[in-house]
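**Q** Attaching a single structure in structure tokens format; questions to follow.
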Amino acid sequence: MAVVAVEAEGAIEDRRELVEWFEQGCKPPEDWRCGTEHEKFVFRRSDLSRPGYDDPDGIGEL
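All residue numbers for the sequence shown refer to the working numbering, where the first residue is 499 and numbers rise by one.
What follows is the structure, encoded as structure tokens:
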């Protein structure tokens, strides 16, 4: 997902402005692509606990 920088233009005050803001981040149809997104759930097989990031054999070492 692309991140759009928020400009210091002031607050969005009506629905039209909100729709326009979202439309600015849209790709043209010719640039559309199909793809998948999926999550990986990591757990220890010995006790089914989730590893911490900095733990030995943790996420940081993957």
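Where is the CB? At the ideal position from N, CA and C, for every residue including glycine.
Look at the alpha carbon of residue 559 and the alpha carbon of residue 533, and state the distance between them as a whole number of angstroms.
**A** Here residue 559 corresponds to residue number 61 of the sequence shown, with the count starting at 1. Here residue 533 corresponds to residue number 35 of the sequence shown, with the count starting at 1. So the two alpha carbons sit approximately 28 Å from each other.
**Q** Using the Cα positions of residue 593 and residue 550, report the straight-line distance between them to the nearest angstrom.
**A** The structure shown does not extend to residue 593, since the chain is modelled only from 499 through 560, so no value can be given for it.
**Q** Would residue 547 and residue 541 qualify as a contact pair, given that the criterion is a beta-carbon distance under 8 Å?
**A** On the sequence shown, residue 547 is found 49 positions in, with the first residue counted as 1. On the sequence shown, residue 541 is found 43 positions in, with the first residue counted as 1. Contact flag set, yes.
**Q** Using CA atoms only, rank isn't needed, just tell me which of 531, 555 and 525 is closest to residue 544.
**A** Position 46 of the sequence shown, counting from 1, holds the residue named residue 544. Considering only alpha carbons, the answer is 555.
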